[in-house]
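Everything on this sheet refers to the single structure shown next.
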Amino acid sequence: MTPLELALFYVSQGFTVLPVNPVNKHALTRNWTNTAGKGAPGSSKDLDQVRTWWEQWPNACVGLRAGKVNGFVVIDVDKHGLSDGFKTIKAFEDIDSNLTATVLTAGNGHHIYYAYPGELKSGTLGEGVDFLAEGRMVIAPGSKRSDGTPYQFVNGHDLTALAPLPGSILAKLKRFPGQKKLDSWSEKIRATPEGLRHNVVRDACWALAHEVAAKRLEEPEFRQRIADMAGTCIPPLDRLDTENLIESALRKAREGKAGGAKEARFTLPDFEPHEDPVNAAELLTGIGTALQAYLSINGDQLVAVALWIVHTHCLEATDYTPRLLIRSPTKRCGKSTLLRIIGKLVRRPLPLSGVTAAMLFRSIAAFSPTLLLDEADNAGLSHNEELRAVLNEGVYAEAIIGRTVGDDHEPKLFPIFAPAVLAGIGNLPVTLMDRSITIEMRRKLKSETKERFDRRRIDHLTALGRKAARFAADNVLTLSVADPEVPESLNDRELDGWRPLLAIADLAGVGWGERARTAAVNLCGLADDNDDEEPSLTLLADCFRIFEDLKNRGKADYEPDLTSGVEAEIPSAELMQQLHMLEDRSWNEWGPMRKPITQHAIARLLRPYDIRPGNVGTRQNRAKGYLWATFNDAWNRYGGRP
5 MTPLELALFY VSQGFTVLPV NPVNKHALTR NWTNTAGKGA PGSSKDLDQV
55 RTWWEQWPNA CVGLRAGKVN GFVVIDVDKH GLSDGFKTIK AFEDIDSNLT
105 ATVLTAGNGH HIYYAYPGEL KSGTLGEGVD FLAEGRMVIA PGSKRSDGTP
155 YQFVNGHDLT ALAPLPGSIL AKLKRFPGQK KLDSWSEKIR ATPEGLRHNV
205 VRDACWALAH EVAAKRLEEP EFRQRIADMA GTCIPPLDRL DTENLIESAL
255 RKAREGKAGG AKEARFTLPD FEPHEDPVNA AELLTGIGTA LQAYLSINGD
305 QLVAVALWIV HTHCLEATDY TPRLLIRSPT KRCGKSTLLR IIGKLVRRPL
355 PLSGVTAAML FRSIAAFSPT LLLDEADNAG LSHNEELRAV LNEGVYAEAI
405 IGRTVGDDHE PKLFPIFAPA VLAGIGNLPV TLMDRSITIE MRRKLKSETK
455 ERFDRRRIDH LTALGRKAAR FAADNVLTLS VADPEVPESL NDRELDGWRP
505 LLAIADLAGV GWGERARTAA VNLCGLADDN DDEEPSLTLL ADCFRIFEDL
555 KNRGKADYEP DLTSGVEAEI PSAELMQQLH MLEDRSWNEW GPMRKPITQH
605 AIARLLRPYD IRPGNVGTRQ NRAKGYLWAT FNDAWNRYGG RP
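The sequence shown begins at 5 in this note's numbering and counts up by one.
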């Protein structure tokens, strides 16, 4: 059965369907969680609409919305590494997958289907087990992933007759959220030594009163549990004092709830896809023309920025997103202007300044944004390892960061995969620059005429953003399986960064593909010319220069002479002095104290390459130093030798 035939089969059974990317299991349509959403529907049981989707994406899996619309909910059991949902599910004794439709997933997990039990929120039932209801989607049995692995029934049931949801699951899902916090405080009381519990009971009362005011905890249970906690104190809290404490805490919590402004949920702007299909070449040309109207920027950089902007809309199609670094040697070169223009074109822009690591990874997890960081050179990235780690590792789709949250320190994982633009003066940390496509801005000449960017007049940019969103919706599946040819001169990191951009360029035609590859080579070449390498790599290159100079001055053999035993060598003290004399390097102002580099520091930089000082010189004049041969392997592997 073809994917289209499978979709039509489920529609004939009354189900609402949607197309799903067989590579990453993401919906290929927007608004699929809302049948009355703005714009075209994202899920449907209309036969013409379904045929249109599968004509556009013939290999798409069939997605089924969980919840009321299709009359079922799903218990999703997964097993990944040490996380085994099959062990977790055993705690629910009334779950029997033989009594209802159960599907073996492509990842060897289980989807256990149950009849819709009424309005319940999706959530986690334990490690490796999720409850899928409103707002969630599953891949229908009969579908196949891109590698051919199927979703298939494992018993004789189908989706037309489903068992009711087990009582143990209902009880867990209907449990008030505040009860978990109540249990946490009870555990804290039990762990507090006798004689020290009074203050803990008071703290618990004030904290849990807010749960009651927010309707996350039932008041009778709150009153009884606080009274029980008070009874564990030595001596016990007086009954009247306990009641006064409860009443005071409830009154304050309710006054704060009533007097506080209603919290508004923050959302990021996103583009409604353009009504008509988009020509990729015209889209990229339009973005480049818009950028050039405001900025002094060369052709390779225009190509890179235009492709990167479209890439943010196609993020679901890739597992890597390069950083876009906008830098200049001084101020007033257009960095902030370019950043603001990019912010009007990318998917879900989130401008940030003075950001902390916690703010950053929580924002990524909450909003799936495109990050716009101005004045990145002042963000403390050199010494803030946690913030630097989020930006470094966030280029990978699988990147996560773990934290404990709440009073019970529950472990929680935050995804940190997100596109990011960083603008600043000068260099950023080497690891971050290595993950970046660098755009070198320059101050415009007096003879150059550029428009002044006006944020009140951006209709043309909005139109381009909508076209980028439509291009992504139409081509995300194609891009997800693309394997573009990458220039051989690019290193592994550069290859990762340019591959998703080259895939977009290839869809725009041969001309754009050639322009993109030329830009990749030229921009990466410029990056190699900059003196922003790791200090140890720079040291390797400088050691070669010094050895070569010794040879030219007749002070050492250029190559080792294995037959005579004579070999090029240099004492550590002389190597240090020669490094101090290199005017184009910073060895004379090394480290945070800006003092000349020492022999010990040189040895420490060379040690990771298995280069260590040994005895050099004649037997009568021994000293510690370095042999030419010890550098050979590092020069061949990491560069340094012309």
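Beta carbons are placed, not taken as given, at the ideal position from N, Cα and C, and that holds for glycine.
Worksheet entry | Classification of residue 503 by the beta-carbon crowding that lies within 10 angstroms, buried from 16 upward | buried
Discussion item. Rounding to the nearest angstrom, what Cα-Cα distance links residue 130 and residue 606 in this structure?
Written reply: 52 Å
Worksheet item: Where does residue 17 fall in DSSP's three states?
Response: coil
Discussion item. For residue 496 and residue 547, I'd like the C-alpha separation in whole angstroms.
Written reply: 25 Å
Item to complete: Mark residue 453 as exposed unless 16 or more other C-beta atoms lie within 10 angstroms of its C-beta, in which case mark it buried.
Response: exposed
Discussion item. Which runs of the beta strand (DSSP E) at least 3 residues long sit entirely within the stretch 137-176? Give them in chain order.
Written reply: 141-143
Worksheet item: Applying the criterion that 16 or more other CB atoms from any shown protein chain within 10 Å of the CB defines a buried residue, is residue 409 buried or exposed?
Response: exposed
Discussion item. What residue range does the beta strand (DSSP E) around residue 76 cover?
Written reply: 76-81
Discussion item. Is it buried or exposed, residue 387, if we count other Cβ atoms within 10 angstroms and call 16 or more buried?
Written reply: exposed
Worksheet entry | Extent of the continuous alpha helix (DSSP H) to which residue 642 belongs | 632-642
Worksheet item: Which stretch, first to last residue, makes up the alpha helix (DSSP H) that contains residue 327?
Response: No alpha helix (DSSP H) contains residue 327, which is instead part of the beta strand (DSSP E) from 327-332.
Worksheet entry | Status (buried if at least 16 other CB within 10 Å, exposed otherwise) for residue 215 | Buried: at least 16 other Cβ atoms inside 10 Å.
Worksheet entry | Residue burial classification, residue 165 (beta-carbon count within 10 angstroms, cutoff 16) | exposed
Fill in: Buried or exposed (CB count within 10 angstroms, at least 16 for buried), residue 280
exposed
Worksheet item: Is the Cβ-Cβ distance between residue 325 and residue 170 less than 7 Å?
Response: no
Worksheet item: Where do the ends of the alpha helix (DSSP H) carrying residue 428 lie?
Response: Per DSSP, residue 428 belongs to no alpha helix (DSSP H); it is in the beta strand (DSSP E), 424-429.
Worksheet item: Looking at the unbroken beta strand (DSSP E) that takes in residue 648, where does it start and where does it end?
Response: Absent from the model: residue 648. The displayed extent of the chain is 5 to 646, so no value can be given.
Worksheet item: What number of angstroms, rounded off, separates the C-alpha of residue 240 from the C-alpha of residue 213?
Response: 21 Å
Discussion item. For residue 664 and residue 91, I'd like the C-alpha separation in whole angstroms.
Written reply: Because the chain in this structure spans residues 5 to 646, residue 664 falls outside the shown range and cannot be described.
Fill in: Cβ-based burial, residue 228 [other Cβ within 10 Å; buried from 16]
exposed
Worksheet item: Distance, Cα to Cα, residue 17 vs residue 353?
Response: 41 Å
Worksheet entry | Reference residue 608; option with closest CA among 595, 445, 619 | 595
Item to complete: Return the chain-ordered ranges of every alpha helix (DSSP H) run that is complete within the stretch 232-286 and spans a minimum of 4 residues.
Response: 243-263
Discussion item. Please state whether the Cβ-Cβ distance between residue 480 and residue 321 is less than 7 Å.
Written reply: Annotated as proximal: residue 480 and residue 321, with beta-carbon spacing under 7 Å.
Fill in: Chain-order list of residues whose beta-carbon lies under 7 Å from that of residue 436 (same chain, five-residue window excluded)
Once the five neighbours on either side are set aside, the close Cβ partners of residue 436 are 327, 385, 392, 395, 396.
Discussion item. Please report the distance separating the alpha-carbon of residue 2 from that of residue 273.
Written reply: Residue 2 lies beyond the range of the chain shown here (5 to 646); nothing can be said about it.
Worksheet entry | residue 517 - DSSP class collapsed to helix/strand/coil | Assigned with DSSP and collapsed to three states, residue 517 falls in helix.
Practice prompt. Keeping to the same chain, check which residues put their C-beta closer than 6 Å to that of residue 73; ignore five residues upstream and five downstream.
Written response: Excluding the 5 residues flanking it on each side, residue 73 has same chain C-beta neighbours closer than 6 Å at 20, in chain order.
Worksheet entry | Enclosing beta strand (DSSP E) for residue 114 [first to last residue] | 114-119
Discussion item. If you measure between the beta carbons of residue 233 and residue 193, is that distance less than 7 Å?
Written reply: Taking 7 Å as the Cβ cut-off, residue 233 and residue 193 qualify as a contacting pair.
Worksheet item: Should residue 471 be labelled buried (16 or more other beta-carbon atoms within 10 Å of its own) or exposed?
Response: buried
Practice prompt. Pick helix, strand or coil for residue 84, following the three-state DSSP scheme.
Written response: strand
Item to complete: Pair every Cβ in the stretch 582-594 with every Cβ in the stretch 608-617, then say whether three or more of these pairs are closer than 8 Å.
Response: At 8 Å Cβ cutoff, the stretches do not touch.
Worksheet item: What residue from 124, 252, 238, 474 has the CA that sits closest to residue 209's CA?
Response: 252
Discussion item. Less than 7 Å between the beta carbons of residue 490 and residue 439, yes or no?
Written reply: no
Worksheet item: Where does residue 612 fall in DSSP's three states?
Response: helix
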